Each structure stands twice: as C-alpha cells, then as structure tokens.
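Numbering (my numbering), first residue to last: 134 to 194.
Heads up, the beta-carbon is just placed ideally off N, CA and C, and yes, glycines get one too.
Model, not experiment: these values are computed from the prediction.
Contents: one structure, followed by commentary.
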Amino acid sequence: PSTKTEERAIRGAVLSRAEGRFMRRFRLPENAKVKEVKASMEKGVLTVTVPKPEIKSIDIS
C-alpha cells in the first residue's frame, strides 16, 4: 500500500500527517525518566510526555 507523508517543523515541534501505516522513532537522552513516560491520543493526535530529570544544584560558599 502507498503511504503519503507530510512533515514540517514549527517552533521546535514537528507536525506530521500520514495516510496508511506510520511509525516514528525518537532518541531520548540517557537521563530521561523512561519509566514515567506517558502517552495519550485524542482526536487522532498522539501526545507523548517525557519528564525531565531533576536539576541538581550545588551550593558554593
């Protein structure tokens, strides 16, 4: 089956539209909290949320 794909970048986000089967892979940083990844789909839009690791601060005196 043929697949048509349209993709464009807008302010750091990637918008994609595809007909037929579709797969997208992303590399996550090594320190990503992969056990806390959440995904939801609403009206054909997939939203994936990956929490950022906590930033450790060191007090310098």
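Just to confirm before moving on: does the CB-CB distance between residue i and residue j stay below 8 Å?
i    : j    : result
T182 : K171 : yes
T180 : S190 : no
Whose C-alpha, out of the options, is nearest the C-alpha of residue i?
i    : options          : result
P162 : K189, K185, K176 : K185
E187 : G153, R154, N164 : N164
F155 : D192, G177, I193 : G177
Can you give me the start and stop residues for the beta strand (DSSP E) that residue i sits inside?
i    : result
E175 : 171 to 175
Which residues in the same chain have their Cβ closer than 7 Å to the Cβ of residue i, if we skip the five residues on either side of it in sequence?
i    : result
E169 : P184
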